[in-house]
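Following: one structure in structure tokens, then a few remarks.
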Ligand SMILES: NC(=O)c1ccc[n+]([C@@H]2O[C@H](COP(=O)([O-])OP(=O)(O)OC[C@H]3O[C@@H](n4cnc5c(N)ncnc54)[C@H](O)[C@@H]3O)[C@@H](O)[C@H]2O)c1
């Protein structure tokens, strides 16, 4: 007798395509997160398409070029030989099996979540959705975004009347949805990206399993959680933990300076404890797209629940004050030399928000430069990663990198970002006065150094 063929479900089909490395992966947002993530899929032989609204980025990638310092053009060219292409045309979304969204999630001027990029992306994807596709959001955001913001747009604006697979929608006219946070630490080469466990929360069991299977192909370990909201909250917990602990050491640094205690020495001693202590280091203020921004996504959401996130607010207050503290310390150091900030020639070393990276976003150096200029100082900067600093959402500088030469001409050299390329002994030797916000001159004994 003829045995009826078993019907393969949509999720079984996608699962099989993932396992065979045939699933076509589309990554939306070819930035610091999306581009390296996409390259991992390409290295694992998945057909990759990168989507971006920035025509310049699309053209650069298709010409085999790179615009991210730590990604050499040869990596892009290798991916191109494996079939990688970039596109600004969302119609190609229909050809994808899995779509991963890595678009920005900044704050608005009034420090509220700006979900406009996620909304625009969901609206652009929706008309091209197919049954059985997997859509994963990676952008950092408040708990509830995937389910409350993204899914309704995808469901409401797709032409086929598809619904997201969920406990209520167990049929086959569905697409699958998950959230999986990006957990990268830019500039940290001690942990390979593949070794950072990938947290995944699916809208239902099928979506969670598919997203886990997809990420298991490129990450060595996947951590499933029960929902997109749990995955969204995991990322925020991690960043709030950093933000609060950095604020704690920043505040203790201010006290230690007054008491004549070297807090860096104290942290080094404390971190010898084999349990219960993790070191965080003080600095000139928070930078980057994550730590100064993400916690406020949660405080905004908390207000809808009549809840005040006091740790976040306090940490924000302390960290925001740090560039002002640095400028006051520069003023005091100059005063010791019988000089005023007004008219002083000041060289800022390092404008990236942290060591050895080419990212300016929210960098405290930008605030410090603007504050010094307001005081009448004549400011120049040097940074091996930035030949020019122009205009951003919150700064208007239009400055060119000055050579790291003739340091004696400056009234004060300020170490804002402790890039490892710098020869700090030489900097101290050749400068009249060095204000060090990072303890980069540790071990150098000189009356010219003011640590702040
Ligand atoms: N950079 C990091 O180290 C890091 C780490 C963890 C999490 N994150 C999070 O990842 C997300 C992305 O950050 P990033 O640093 O990669 O940002 P980015 O600005 O470097 O890249 C975002 C890219 O998205 C593109 N884009 C914007 N709108 C688009 C649209 N509608 N369609 C297609 N492309 C669009 C932009 O042109 C840009 O190339 C953010 O939510 C961020 O908080 C970043």
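Residue numbers (the numbering used here): -6 to 445. All C-beta atoms, glycine included, are put in the ideal place defined by N, C-alpha and C.
In the DSSP assignment, find the alpha helix (DSSP H) that holds residue i and state where it starts and stops.
i: residue 68; result: 66 to 74
i: residue 431; result: First-last for residue 431: undefined, no H or E at that position.
i: residue 309; result: 303 to 329
i: residue 357; result: 357 to 367
i: residue 408; result: Counting along the chain, residue 408 falls outside any alpha helix (DSSP H), though it belongs to the beta strand (DSSP E) covering 405 to 408.
i: residue 294; result: 287 to 296
i: residue 261; result: 256 to 263
i: residue 340; result: Here residue 340 belongs to no alpha helix (DSSP H); instead the beta strand (DSSP E) covers 338 to 342.
Out of the options, state which residue places its alpha-carbon closest to the alpha-carbon of residue i.
i: residue 281; options: 26, 8, 18; result: 26
i: residue 319; options: 364, 295, 0, 240; result: 364
i: residue 169; options: 307, 148, 245, 335; result: 148
i: residue 317; options: 299, 362, 351; result: 362
i: residue 272; options: 259, 75, 279, 409; result: 259
i: residue 351; options: 76, 117, 376, 100; result: 376
i: residue 202; options: 128, 338, 343; result: 128
i: residue 373; options: 402, -1, 387; result: 402
i: residue 74; options: 87, 105, 42, 103; result: 42
i: residue 209; options: 426, 33, 421, 417; result: 33
i: residue 358; options: 80, 279, 333; result: 279
i: residue 394; options: 382, 405, 312; result: 382
i: residue 2; options: 298, 126, 321, 152; result: 126
i: residue 284; options: 57, 54, 98, 29; result: 98
i: residue 431; options: 445, 424, 441, 437; result: 445
i: residue 371; options: 398, 406, 354; result: 406
i: residue 275; options: 239, 308, 286; result: 239
i: residue 69; options: 54, 82, 83; result: 54
i: residue 12; options: 49, 354, 38; result: 38
i: residue 100; options: 134, 331, 176; result: 134
On the criterion of 16 or more Cβ atoms from any shown chain inside 10 Å, does residue i qualify as buried, or is it exposed?
i: residue 204; result: buried
i: residue 345; result: buried
i: residue 315; result: buried
i: residue 89; result: buried
i: residue 86; result: buried
i: residue 303; result: exposed
i: residue 15; result: exposed
i: residue 252; result: exposed
i: residue 356; result: buried
i: residue 296; result: exposed
i: residue 360; result: buried
i: residue 56; result: exposed
i: residue 312; result: buried
Looking at the unbroken beta strand (DSSP E) that takes in residue i, where does it start and where does it end?
i: residue 249; result: Run containing residue 249: none in the beta strand (DSSP E); it sits in the alpha helix (DSSP H), 221 to 252.
i: residue 79; result: 78 to 80
i: residue 397; result: Per DSSP, residue 397 belongs to no beta strand (DSSP E) and is neither H nor E.
i: residue 382; result: 381 to 384
i: residue 374; result: 371 to 375
i: residue 207; result: That residue, residue 207, is in no beta strand (DSSP E); its alpha helix (DSSP H) goes 198 to 209.
i: residue 422; result: Run containing residue 422: none in the beta strand (DSSP E); it sits in the alpha helix (DSSP H), 417 to 423.
i: residue 442; result: 442 to 444
Is the Cβ of residue i closer than 7 Å to any Cβ of chain C?
i: residue 10; result: Of the chains in the structure shown, none is chain C; there is only one protein chain.
Worksheet item: Quick one: complete beta strand (DSSP E) runs, 3+ long, within the segment 95 to 175?
Response: Counting whole runs of 3 or more residues, the segment 95 to 175 contains the beta strand (DSSP E) stretches 127 to 130, 167 to 172.
Practice prompt. For the segment 4 to 73, list the beta strand (DSSP E) runs that are entirely contained and at least 3 residues long, ordered along the chain.
Written response: Listed in chain order, the complete beta strand (DSSP E) runs (minimum 3 residues) inside the segment 4 to 73 are 18 to 21, 41 to 44.
Worksheet entry | Cβ pair count under 8 Å reaching 3, the segment 185 to 199 against the segment 218 to 229 | Yes: the two stretches touch, three or more of their Cβ pairs being nearer than 8 Å.
Worksheet item: Would the segment 154 to 165 and the segment 179 to 188 be scored as touching if the rule is three or more Cβ pairs under 8 Å?
Response: The segment 154 to 165, when compared against the segment 179 to 188, does not touch it at the 8 Å Cβ threshold.
Worksheet item: When the Cβ atoms of the segment 82 to 101 are set against those of the segment 111 to 122, are three or more pairs found closer than 8 Å?
Response: Judged by pairs of C-beta atoms under 8 Å, the segment 82 to 101 touches the segment 111 to 122, as three or more such pairs exist.
Fill in: Touching by the beta-carbon criterion (3+ pairs, under 8 Å), the segment 2 to 21 and the segment 50 to 64
As far as the Cβ criterion goes, the segment 2 to 21 does not touch the segment 50 to 64, which means the pair count is below three.
Worksheet item: Does the pairing of the segment 382 to 390 with the segment 403 to 413 give three or more beta-carbon distances under 8 Å?
Response: Below 8 Å, too few C-beta pairs join the segment 382 to 390 and the segment 403 to 413 to call them touching: fewer than three.
Discussion item. Under 8 Å, with one C-beta from each stretch per pair, do the segment 133 to 151 and the segment 320 to 327 reach the 3-pair mark?
Written reply: Not touching, per the Cβ criterion.
Practice prompt. Would you check if the segment 222 to 238 and the segment 277 to 296 touch, i.e. whether three or more CB-CB distances between them fall below 8 Å?
Written response: The segment 277 to 296, when compared against the segment 222 to 238, does touch it at the 8 Å Cβ threshold.
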